[in-house]
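*Asks:* Going by my numbering, the sequence shown opens with residue -2, and the numbers climb by one from there.
Backbone N, C-alpha and C define an ideal beta-carbon position, used for all residues, glycine too.
One structure coming up, written as structure tokens, with questions to follow.
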Amino acid sequence: MKKYFLVLSSIILLFFGMQVEAYADNTLTSNPNVGESDTLSDTNKSNSNSIVVANSDDKNSVGNLNRSSSENKDSQDDMNSDSKQNLENDEKASVNNLENNNTQNKMDSGRGNISNEDVSFTTLSASNANNHYSLYIDSDGEQHFLNNGSYVRSSWIHKNNEWYYAKMNGNLAQNEWCSINGQWYYFNYYGEMAVAGFETDSNSNRYYFDQNGHYLRSKWVKHQDVWYYAQSNGVIASNKWSFIGGQWYYFNYYGEMAAARFETDLNGNRYYFDQNGKYLRNKWVKYQGNWYYAQSNGVIASNKWCLIGGQWYYFDYGGEMAAARFETDSNGNRYYFDQNGLYLRSKWVKHQGEWYYAQSNGVIASNKWCLINGQWYYFDYSGEMAANGVYKDNNGKDYYFYANGSYKAIG
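Have a look at this one:
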């Protein structure tokens, strides 16, 4: 009987043990926080074991599970909140960095990207460009900058103190104008952006570019103490007159404003310009010891007579006023002018040991006889008075002339 009781007790204990194990298994699989498809890590496995142990007391298990879910939710909310804040901060920092970069780029160079291209907002620093970008020339002769083996596109490149621009197709801008963010830039044969100086484009038009690569328009430019003018289209004025601020100025072949010198325009007219570039009118000009005259239209008198202040003056082919010398005018008449530019009339002139005579009209007597103060004198073809020798006059007769110009017939 005692033996039978022990066997029955063992069976009962075995039965209740199986029920407890089944109850624990059911509790684990019915946990709403653990899905059938969830794959647990080793850490999760450890957590699940803790949950199983905690579930040994049903009431406490549920409380602990709810508490754990609540804590997990709070933790998840904190994580979501932190992630959201971090994301917002990252986005804000990214935007701020982009805005700061763009602002700095504008301040540093005024450069942007081509408005009609997919552009990169990355502007390279000199160190970045020098360290990471290499030049590549393809089989068509097109130049490119490479970054990690790929073409740089729609971006500025700063290398060796020069600015370059890689277009959308990756080709380097060369010998051409490019509109980038609404601003025109010019790139020379080598792809260098024109900056802080003159540049002649592929159409042979010359421009002046500032430090940011912007070409000047309707602006005066002083370069190496010489003035130039960028017209409304930006082209530097050259070989032409320009009306600026109510005043006419002339720019030579090189675009230099005429100042403190003579300048001959495209029409062959010569002018004299003062230090400020204004051409003189109705003015005497003394230049390198010689006198010139700017007429009412500003043109320097040349190869002509001018009545100035009631006195006639003659200006030679170069525009110099005739003075202290003989001068033959455009009509072939020869005159002698004193130091003040006045031509002599009814006067004897001794020049280099020879005597000449300025007649009443001022023309130097030549190849003719002249009755002067009751005495006849003969002047040869050059205008010299016949003296100390035999001369044949304009009628073919021979005479002997004495030192004072008196004469006697021969034969």
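For residue 193, count the other beta carbons within 10 Å of its own beta carbon; 16 or more makes it buried, fewer makes it exposed. Which is it?
*Replies:* exposed
*Asks:* Could you check which residue in 352, 268, 131 and 403 has the C-alpha nearest to that of residue 372?
*Replies:* The closest CA to that of residue 372, considering only 352, 268, 131 and 403, is found on 403.
*Asks:* Per DSSP, what are the beta-bridge partners of residue 287 in this structure?
*Replies:* 284
*Asks:* Evaluate the contact criterion for the stretch 256 to 270 versus the stretch 284 to 304: three or more CB pairs, one atom per stretch, below 8 angstroms.
*Replies:* yes
*Asks:* Go through its chain and collect everything with a Cβ distance to residue 344's Cβ below 7 angstroms, but skip five positions before and after it.
*Replies:* 355
*Asks:* If contacts are defined as beta-carbon pairs under 8 angstroms, then residue 226 and residue 217 qualify, I think. What distance do you get, rounded to the angstrom?
*Replies:* 6 angstroms
*Asks:* Measure the alpha-carbon distance for residue 321 versus residue 362 and round it to whole angstroms.
*Replies:* 18 angstroms
*Asks:* Please report the straight-line C-alpha distance between residue 366 and residue 384, rounded to a whole angstrom.
*Replies:* 13 angstroms
*Asks:* Name the two residues that bound the continuous beta strand (DSSP E) containing residue 155.
*Replies:* Going by DSSP, residue 155 is part of the beta strand (DSSP E) stretching over 152 to 156.
*Asks:* Please tell me whether residue 382 and residue 388 are closer than 8 angstroms, where the distance is taken between their beta carbons.
*Replies:* No, these two residues do not count as a Cβ contact at 8 angstroms.
*Asks:* Who are the Cβ neighbours of residue 189 in its own chain at under 8 angstroms, not counting the five residues just before and after it?
*Replies:* 159, 160 and 161
*Asks:* Taking the Cβ atom as the reference point for each residue, do residue 279 and residue 232 lie within a distance shorter than 8 angstroms?
*Replies:* no
*Asks:* Can you name the start and end residues of the alpha helix (DSSP H) that residue 129 belongs to?
*Replies:* 123 to 129
*Asks:* So which of 311, 316 and 306 has the shortest CA-CA distance to residue 295?
*Replies:* 316
*Asks:* Is the beta carbon of residue 135 less than 8 angstroms from the beta carbon of residue 129?
*Replies:* In this structure, the beta-carbon distance from residue 135 to residue 129 does not fall below 8 angstroms.
*Asks:* CB-CB under 8 angstroms to residue 352, same chain, minus the five flanking residues each way: which ones, in chain order?
*Replies:* 345, 346, 381, 382, 384 and 402
*Asks:* Residue 346 lies in the beta strand (DSSP E); which residues open and close that run?
*Replies:* 344 to 348
*Asks:* So, at 8 angstroms on beta carbons, what are the nonlocal neighbours of residue 282 in its own chain, with the 5 sequence-adjacent residues on each side left out?
*Replies:* 269, 288, 289, 290, 291 and 297
*Asks:* Distance check for residue 211 and residue 163, CA to CA, integer angstroms please.
*Replies:* Between the alpha carbons of residue 163 and residue 211 lies a distance of about 18 angstroms.
*Asks:* For residue 357 and residue 400, what's the separation of their Cα atoms in angstroms?
*Replies:* It is roughly 24 angstroms from the alpha-carbon of residue 357 to the alpha-carbon of residue 400.
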